[in-house]
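J.: I have a structure here, written as structure tokens, and I will follow up with some questions on it.
Number of protein chains: 2
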Amino acid sequence: MKRILILVFAIATAVCVIASMPFTAGRADDEPSPIFGVKIPAQYRQWEMVGVSHEAGNLDELPGILGNALAIKAFRDGTLPFPDGATIAKLAWKHVPSVGDDAALGSMQAFVPGTATTVQIMVKDSKKYAATGGWGFADFMGEKPGDTALHETCFPCHTPAKDRDYVFTRYAR
Amino acid sequence: MKRILILVFAIATAVCVIASMPFTAGRADDEPSPIFGVKIPAQYRQWEMVGVSHEAGNLDELPGILGNALAIKAFRDGTLPFPDGATIAKLAWKHVPSVGDDAALGSMQAFVPGTATTVQIMVKDSKKYAATGGWGFADFMGEKPGDTALHETCFPCHTPAKDRDYVFTRYAR
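Chains A and B are the protein sequences, given in the same order. Residues in the first sequence are numbered from 1224 upward in steps of one, following the working numbering. Residues in the second sequence are numbered from 1224 upward in steps of one, following the working numbering.
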């Protein structure tokens, strides 16, 4: 009976893993970011949504912010600091008018994601990244990380959000 | 052996269901929409992100669009029409400036989700909703659906997107 139970749970686990497999391949083999050595996480596009934003001005972007299971749980529960392993991904696209939506709405007012611009990653590892608030950063354009100079700006830019563990995004409810 | 296999898969299914249970409760017991009888799907907030948008003008909203597994697969594969059971949720928030982000960026340019405004649902059932392109609609403010007059506008408004099975949103890649 014990052997059967072990078999049952082994198969159950396998079924769960298969059931949760994503439709698209990850990009975990890509080049890591300088300084931090952070890669684009596999299957990050399948993560749950934390929130959305709109960066006007020079950036002119429409980002969606996603989190892995650890990050999402911490966001929902209001847990600070985020636990080690929590990972947040900001996917940004150009903020472009939608001709189709506007025709339906009868006015110029709808903006949608245009060309993909950057994928920015924050990975929590309180020991490895102790010098930068416990976060490792990566800023990718396409599948290529930005240079060292760019990555030197990540942590200083995030310091105004120190009281929220250096995370600007809030969970959209 | 056959009985054991049935047991194995029954337990596997149960384990999967438990493993995929969300952190927050759904709102499946809420009042359904008029005309279509569509309720807010349980756990829709845990669905994957299809894309984001920005409705300027009078709406002044920042929506995030999510889809259940059937919808996400159809979006990714470019399958049209969407299969029965595909469900899309548009969660909209007011488009508000982020004081914290702007302080960090040194200029007024970041907008984030403010107060939640509407949750709009499209459920595909080609037989039940044959008269409206196979889609049942619901437009909720908080947990309360809008009135009949509002829901009479859903399908006509979506007809310009007929060649994409009445769905305006495209999958953001």
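Backbone N, C-alpha and C define an ideal beta-carbon position, used for all residues, glycine too. Note that the structure is predicted; figures quoted are calculated from it, not measured.
Can you pull out the residues from the region 1373-1385 of chain A whose beta carbon lies closer than 7 Å to at least one beta carbon of chain B?
T.: C1380, P1383 and A1384
J.: Rank B:S1256, B:K1367, B:H1277 and B:T1371 by C-alpha distance to the C-alpha of S1321 of chain A and give the top, closest one.
T.: Out of B:S1256, B:K1367, B:H1277 and B:T1371, the CA that lies nearest to the CA of S1321 of chain A is found in B:H1277.
J.: Identify the residues that DSSP records as bridge partners of L1314 of chain B: which are they?
T.: B:G1287 and B:V1342
J.: Determine, using beta-carbon pairs with one atom in the region 1334-1344 of chain A and one in the region 1261-1281 of chain B, whether at least three such pairs fall under 8 Å.
T.: yes
J.: With H, G and I counted as helix, E and B as strand and the rest as coil, what does DSSP make of A1361 of chain A?
T.: Three-state DSSP puts A1361 of chain A in a strand.
J.: At least one CB of chain B closer than 8 Å to the CB of E1254 of chain A: is that the case?
T.: Interface criterion not met: the Cβ of E1254 of chain A is under 8 Å from no Cβ in chain B.
J.: Return the chain-ordered list of same chain residues with a C-beta closer than 7 Å to the C-beta of A1316 of chain B, the five sequence neighbours on each side being excluded.
T.: It should be pointed out that residue 1316 of chain B corresponds to Trp in this sequence rather than to Ala. So the list reads E1284, L1285, P1336, G1337, T1338, A1339 and T1340, once near-sequence residues are dropped.
J.: At a CB distance below 9 Å, what residues from the region 1258-1281 of chain A approach chain B? Give them in sequence order.
T.: R1268, Q1269, W1270, E1271, M1272, G1274, V1275, S1276, H1277, E1278, A1279, G1280 and N1281
J.: When the Cα atoms are used, what is the spatial distance from T1392 of chain A to W1358 of chain A?
T.: 15 Å
J.: Rounded to a whole number of angstroms, what is the C-alpha to C-alpha distance between I1311 of chain B and A1354 of chain A?
T.: Roughly 42 Å between the two C-alpha positions.
J.: Determine which residues share a DSSP beta bridge with H1374 of chain A and list them.
T.: H1374 of chain A pairs with nothing; no bridge assigned.
J.: What is the DSSP secondary structure of F1334 of chain A, reduced to helix, strand or coil?
T.: strand
J.: According to DSSP, what are the bridge partners of E1271 of chain B?
T.: A:E1271 and B:G1290
J.: If distances are taken between C-alpha atoms only, which option among B:S1349, B:V1342 and B:Y1352 comes closest to G1365 of chain B?
T.: B:V1342
J.: Would you mind working out which of B:H1318, B:D1300 and B:K1296 sits nearest A1309 of chain B, comparing C-alpha positions?
T.: B:K1296
J.: Helix, strand or coil: how does DSSP classify K1367 of chain B here?
T.: strand
J.: Specify the secondary structure class of V1322 of chain A as computed by DSSP and reduced to three states.
T.: helix
J.: If we ignore side chains and look at the alpha-carbon of each, how far apart do Y1352 of chain A and G1280 of chain A end up?
T.: 31 Å
J.: Can you tell me whether DSSP reads K1350 of chain B as helix, strand or coil?
T.: coil
J.: Enumerate in chain order the residues of its own chain whose CB-to-CB distance from C1380 of chain A is below 6 Å, with the five nearest sequence positions on each side excluded.
T.: none
J.: Could you tell me which chain B residues have their CB closer than 7 Å to the CB of S1330 of chain A, listed as they occur along the chain?
T.: G1280
J.: With a cut-off of 8 Å on the beta carbons, I'd call Y1267 of chain B and L1289 of chain B a contact; round off their distance for me.
T.: 6 Å
J.: Determine whether the Cβ of G1323 of chain B lies closer than 8 Å to any Cβ atom of chain A.
T.: yes
J.: Using only the alpha-carbon positions, how far apart do G1287 of chain A and D1307 of chain B sit?
T.: 27 Å
J.: Out of B:E1271, B:V1261 and B:D1324, state which residue places its alpha-carbon closest to the alpha-carbon of K1347 of chain B.
T.: Here the closest residue by C-alpha is B:V1261.
J.: Short of 7 Å in beta carbon distance, which residues of its chain neighbour F1399 of chain A, apart from the five on each side in sequence? Order them along the chain.
T.: Lying before the first or after the last residue shown, residue 1399 of chain A is absent from chain A, which here runs from 1224 to 1396.
J.: Shorter than 8 Å from the beta carbon of V1335 of chain B to some beta carbon of chain A?
T.: yes
J.: 8 Å is my cut-off, CB to CB: does A1353 of chain A come that close to chain B?
T.: Not closer than 8 Å to any Cβ of chain B, the Cβ of A1353 of chain A fails to qualify, so no.
J.: Which residues in the same chain as D1324 of chain B place their Cβ atom closer than 6 Å to its Cβ, once the five residues preceding and following it in sequence are excluded?
T.: In the same chain as D1324 of chain B, and ignoring 5 residues on each side of it, the C-beta atoms closer than 6 Å to its own belong to A1333, in chain order.
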